[in-house]
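Trainee: Taking the working numbering, the leading residue of the sequence shown gets 1, the next gets one more, and so forth. Where a beta carbon is used, it is the ideal one built from N, C-alpha and C, also for glycine. Provided herewith is a single structure, encoded as C-alpha cells, for subsequent inquiry.
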Amino acid sequence: MERRLVVLLAVTCGVAVTNLYVAQPLLDTIARAFGVGESTAGLLVTAGQVGYVLGLAFLVPLGDLLERRRLVVGLLVVAAAAQVVSTVAPTFAVLAASLAAVGVASAVAQVVVPLASSMAGEEERGRIVGTVMSGLLVGILLARTLSGLLSELGGFRLVFGVAAAAMLLLAAVLWRSLPVAPPPVGPDHGVPGRVRYRRLLRSVLALIGEEPELRRRMWLGATGMAIFSVLWTAVAFLLAREPYGYGDGVIGLFGLAGLAGALMAPVAGRVSDAGHGRAATTGALVTLLGSWVLLDLGGTHVVALVLGIVVLDFAVQGLQITNQSTIYALRPDARSRITTAYMVAYFLGGVSGSTAASIVWGAGGWDAVCLLGGGIAATSLASWAWFGWSARRRGAVVAGG
C-alpha cells in the first residue's frame with residue numbers, strides 16, 4: 001500500500017476524531033460561560049460520545065454497503081456543519097445537541113480504519129492499521145493541546161469554528177485524492193456484501209454471536225476506553241483547581257504527555273503481526289493498572305501526573321491496536337461490521353467512563369477518580385486472566401474427550 005495513501009488516511013482519522021476531544025480542556029471555561037456546574041459541563045463529553053456510538057452503530061456498517069470515498073467525504077461535510085452550530089450555540093443545551101451531532105458524523109474515522117485494513121496486504125495489515133491509528137491517536141491528544149491554545153487566543157467558540165473549517169478542507173482534499181473504494185462483494189457466512197441496510201445491521205449482531213474472540217476484545221476495548229475517559233474527563237477539573245490553578249492553554253498542553261501513547265501504535269501492530277498479541281495484551285493491562293498509582297500521586301505532584309498520563313496512554317493505545325489487529329483477521333470481507341461491533345462497545349465504555357468520572361469527581365475528588373480508574377483496570381486484567389483460563393480448560397476438555 002502506498003505510503004502517501006497511508007498518511008492521508010492517518011490524517012483523516014486524526015482530524016475527524018478531534019471533534020470528540022476539543023471540548024475536554026475547555027470544560028471549566030464552558031461551565032462558567034453558561035453558568036452550569038462542573039458535573040453538568042462534563043456531560044458535553046458524554047454527548048459527543050453518545051453521538052459517536054450512534055454513528056458507529058448506524059453509519060459505519062455502510063462501509064460494507066456503499067462506495068466509501070463518497071461516504072467518508074459526506075460525513076466530513078456533515079461534521080463541519082454541526083461544528084458551525086457549536087460555534088454559535090446560544091445555550092448549553094444547543095451546544096450539547098450540536099456536539100452530539102458532531103459525534104455522529106465523526107464516526108467517519110471508523111470507516112477509514114477498516115478501509116485501510118482492506119487495502120493493505122496480509123503481511124502488512126497490523127503495521128498499516130497501527131499507522132492509521134497513530135494518526136487517530138495523535139488527533140485525540142493534540143485536540144486537547146490545540147483547543148486549549150485556541151481558547152486562550154479567542155475563546156472556546158473559536159475552537160469549534162476552526163474545527164469546522166478543518167473538516168471542510170479535509171473533505172475537499174479527500175474528494176480529489178482518495179481512490180474510488182467500492183464495498184466488499186460476495187457472500188460471508190450467508191450474508192452477501194451488498195445487502196439491504198436493515199439486514200446489514202442485523203448481521204452485526206450475528207457476527208457478535210458467532211465470534212467469541214470478537215466478544216472478548218469488545219469487553220477489553222470497552223474497559224480500556226472507560227479508563228481513558230475517566231482520566232481525561234476529570235483531569236481538566238483537577239488542573240483548574242488548587243494546587244495547580246492552570247488556564248485552558250496550560251491544561252491543553254497536558255495532551256502532549258499522551259503522545260507517547262500514539263508512538264506505541266505501530267509498535268503494537270508489529271508485535272501483533274509477529275504472533276505475540278496475547279503477550280502484548282497482558283502487558284498493556286498490567287501497565288494500565290500500575291499507571292493509576294502514579295496518577296493518584298499526581299493529585300499534588302505534577303511530575304507524577306505527567307508520568308501517569310504517559311504510561312496510561314501508552315498502555316491504552318497498545319491494547320487498542322492489539323485488539324483491532326486481532327479482530328480484523330476474523331472476517332476479511334466484514335471488517336466495517338466488525339468495526340461497528342467493536343467500536344460501539346469501545347465508546348459505550350467511554351460514555352460510561354466519562355459519566356462516572358464527572359459524578360465521582362463531584363462526590364470525592366481526585367482520589368475517588370483514581371480509585372474508579374484503578375478498579376476498572378483491575379477488573380479488565382482479571383477478566384483477561386479468566387478468558388485465558390477458560391480457553392485452556394476448554395482445550396483440556398477437548399483433548400481428554
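Which residue wins for smallest C-alpha separation from residue 329, given the options 317, 275, 302?
Mentor: On the sequence shown, position 329 is the one that residue 329 refers to. Among 317, 275, 302, the Cα nearest to that of residue 329 belongs to 275.
Trainee: Around the C-beta of residue 353, are 16 or more other C-beta atoms found within 10 angstroms, so that it is buried, or is it exposed?
Mentor: Counting from one through the sequence shown, the residue named residue 353 turns up at place 353. Per the 10 Å Cβ criterion, buried.
Trainee: Excluding the five sequence neighbours on either side, which residues of its own chain have a C-beta within less than 8 Å of the C-beta of residue 348, listed in chain order?
Mentor: Start at 1 with the first residue of the sequence shown, and residue 348 comes out as number 348. Closer than 8 Å at Cβ, skipping near neighbours: 53, 222.
Trainee: Tell me whether residue 135 sits in a helix, a strand or coil according to DSSP, three-state version.
Mentor: For the purposes of this step, residue 135 is taken as residue 135 along the sequence shown, with counting starting at 1. Three-state DSSP puts residue 135 in a helix.
Trainee: Hey, could you find the ends of the alpha helix (DSSP H) residue 314 is sitting in?
Mentor: In the sequence shown, residue 314 corresponds to position 314, counting from 1. 302 to 327 is the span of the alpha helix (DSSP H), which, as asked, contains residue 314.
Trainee: So the alpha helix (DSSP H) residue 52 belongs to, where does it begin and stop?
Mentor: Counting from one through the sequence shown, the residue named residue 52 turns up at place 52. Its alpha helix (DSSP H) spans residues 38 to 58.
Trainee: Within 10 Å of its beta-carbon, does residue 374 have 16 or more other beta-carbons around it, so buried, or fewer, so exposed?
Mentor: Within the sequence shown, the letter at position 374 stands for residue 374. By the neighbour-count rule (16 or more Cβ atoms within 10 Å), residue 374 is buried.
Trainee: Does the segment 97 to 110 come close enough to the segment 45 to 61 that 3 or more CB-CB pairs lie under 8 Å?
Mentor: In short, these stretches touch, since the Cβ pair count reaches three.
Trainee: Skipping 5 residues on each side, what residues in its chain have a beta carbon closer than 7 Å to that of residue 89?
Mentor: Looking up residue 89 in the sequence shown gives position 89. Cβ within range, chain order: 95, 98.
Trainee: So for residue 91, helix, strand or coil by DSSP?
Mentor: Reading the sequence shown from its first residue, position 91 is the one you call residue 91. DSSP places residue 91 in coil when its eight states are reduced to three.
Trainee: Across the segment 109 to 119 and the segment 291 to 301, are there enough close Cβ pairs to call them in contact, namely three or more that are closer than 8 Å?
Mentor: Taking 8 Å as the limit for Cβ pairs, the verdict is that the segment 291 to 301 does not touch the segment 109 to 119.
Trainee: Among residues of its own chain, excluding the 5 on either side of residue 163, which ones have a beta-carbon nearer than 7 Å to its beta-carbon?
Mentor: Within the sequence shown, the letter at position 163 stands for residue 163. Cβ neighbours of residue 163 beyond the five flanking positions: 18, 19, 22, 83.
Trainee: Since I believe residue 220 is in contact with residue 384 (beta carbons under 8 Å), could you give me their beta-carbon distance rounded to a whole number of angstroms?
Mentor: Residue 384 sits at position 384 when you count from the first residue of the sequence shown. Residue 220 sits at position 220 when you count from the first residue of the sequence shown. Right, their Cβ atoms sit about 7 Å apart.
Trainee: The alpha helix (DSSP H) that contains residue 157, what's its start and end?
Mentor: Start at 1 with the first residue of the sequence shown, and residue 157 comes out as number 157. Residue 157 -> alpha helix (DSSP H) spans 156 to 177.
Trainee: Can you tell which of 338, 200, 310, 309 has its C-alpha closest to the C-alpha of residue 323?
Mentor: Counting from one through the sequence shown, the residue named residue 323 turns up at place 323. Nearest C-alpha to residue 323: 338.
Trainee: Beta-carbon separation of residue 304 and residue 312 under 8 Å?
Mentor: Reading the sequence shown from its first residue, position 304 is the one you call residue 304. Reading the sequence shown from its first residue, position 312 is the one you call residue 312. No, these two residues do not count as a Cβ contact at 8 Å.
Trainee: Can the beta-carbon of residue 174 be found closer than 8 Å to that of residue 60?
Mentor: Numbered from 1 along the sequence shown, position 174 holds the residue referred to as residue 174. Numbered from 1 along the sequence shown, position 60 holds the residue referred to as residue 60. It is not a contact, given that the beta carbons lie outside the stated cut-off.
Trainee: Using the rule of at least 16 other Cβ atoms within 10 Å of the residue's Cβ for burial, across every protein chain shown, is residue 3 buried or exposed?
Mentor: On the sequence shown, position 3 is the one that residue 3 refers to. Classification for residue 3: exposed.
Trainee: Is DSSP giving residue 243 helix, strand or coil here?
Mentor: Position 243 of the sequence shown, counting from 1, holds the residue named residue 243. Reduced to three states, the DSSP call for residue 243 is coil.
Trainee: What do you reckon, are the CB atoms on residue 124 and residue 1 nearer than 8 Å?
Mentor: Position 124 of the sequence shown holds residue 124. Position 1 of the sequence shown holds residue 1. In this structure, residue 1 lies closer than 8 Å to residue 124 by Cβ.
Trainee: With DSSP run on the structure shown, which of helix, strand or coil describes residue 406?
Mentor: Because the chain is modelled from 1 through 401, residue 406 falls outside the range shown and cannot be assessed.
Trainee: Ordered along the chain, which non-local residues of its own chain (more than five positions away) have a Cβ less than 6 Å from that of residue 256?
Mentor: For the purposes of this step, residue 256 is identified with residue 256 of the sequence shown, where counting begins at 1. 145.
Trainee: Since residue 357 and residue 240 should fall inside the 8 Å C-beta cutoff, what is the C-beta to C-beta distance between them, to a whole number of angstroms?
Mentor: Along the sequence shown, one-based indexing puts residue 357 at 357. Along the sequence shown, one-based indexing puts residue 240 at 240. At roughly 15 Å, the Cβ-Cβ gap does not stay under 8 Å, so residue 357 and residue 240 are not in contact.
Trainee: Answer yes or no: do residue 258 and residue 310 have a C-beta to C-beta separation smaller than 8 Å?
Mentor: As a working mapping, residue 258 is identified with position 258 in the sequence shown. As a working mapping, residue 310 is identified with position 310 in the sequence shown. For residue 258 and residue 310, yes; Cβs fall inside 8 Å.
Trainee: Can you tell me where the alpha helix (DSSP H) holding residue 278 begins and where it ends?
Mentor: Position 278 of the sequence shown holds residue 278. Looking at the DSSP string, the run of the alpha helix (DSSP H) that includes residue 278 is 277 to 297.
Trainee: Note the first and the last residue of the continuous alpha helix (DSSP H) segment covering residue 1.
Mentor: One-based indexing of the sequence shown puts residue 1 at position 1. Run containing residue 1: none; DSSP gives neither H nor E here.
Trainee: Would residue 250 count as contacting chain C if we go by Cβ distances under 8 Å?
Mentor: No chain C appears in this structure, which consists of one protein chain only.
Trainee: Measure the C-alpha to C-alpha separation of residue 56 and residue 158 and round it to an integer number of angstroms.
Mentor: As a working note, residue 56 is residue 56 in the sequence shown. As a working note, residue 158 is residue 158 in the sequence shown. Near 28 Å, if we compare the C-alpha coordinates of residue 158 and residue 56.
Trainee: Could you tell me which of 365, 284, 251 sits nearest to residue 28, measuring between CA atoms?
Mentor: In the sequence shown, counting from the first residue as 1, residue 28 sits at position 28. The option with the nearest alpha carbon to residue 28 is 251.
Trainee: At which residues does the alpha helix (DSSP H) containing residue 110 begin and terminate?
Mentor: If you number the sequence shown from 1, residue 110 lands on position 110. Its alpha helix (DSSP H) spans residues 109 to 119.
Trainee: I need the straight-line Cα distance from residue 388 to residue 280, nearest angstrom please.
Mentor: As a position in the sequence shown, residue 388 is number 388, starting the count at 1. As a position in the sequence shown, residue 280 is number 280, starting the count at 1. Distance between the alpha carbons of residue 388 and residue 280: 14 Å.
Trainee: Determine the burial state of residue 291: buried for a count of at least 16 other Cβ atoms within 10 Å of its Cβ, exposed for fewer.
Mentor: Along the sequence shown, read from residue 1 onward, the residue named residue 291 stands at position 291. Buried.
Trainee: Flag this pair as yes or no: are the beta carbons of residue 236 and residue 15 separated by less than 8 Å?
Mentor: Here residue 236 is taken as the residue at index 236 of the sequence shown, counted from 1. Here residue 15 is taken as the residue at index 15 of the sequence shown, counted from 1. Taking 8 Å as the Cβ cut-off, residue 236 and residue 15 do not qualify as a contacting pair.
Trainee: Anyone know if the C-beta pair for residue 327 and residue 217 falls short of 8 Å?
Mentor: As a working mapping, residue 327 is identified with position 327 in the sequence shown. As a working mapping, residue 217 is identified with position 217 in the sequence shown. Taking 8 Å as the Cβ cut-off, residue 327 and residue 217 qualify as a contacting pair.
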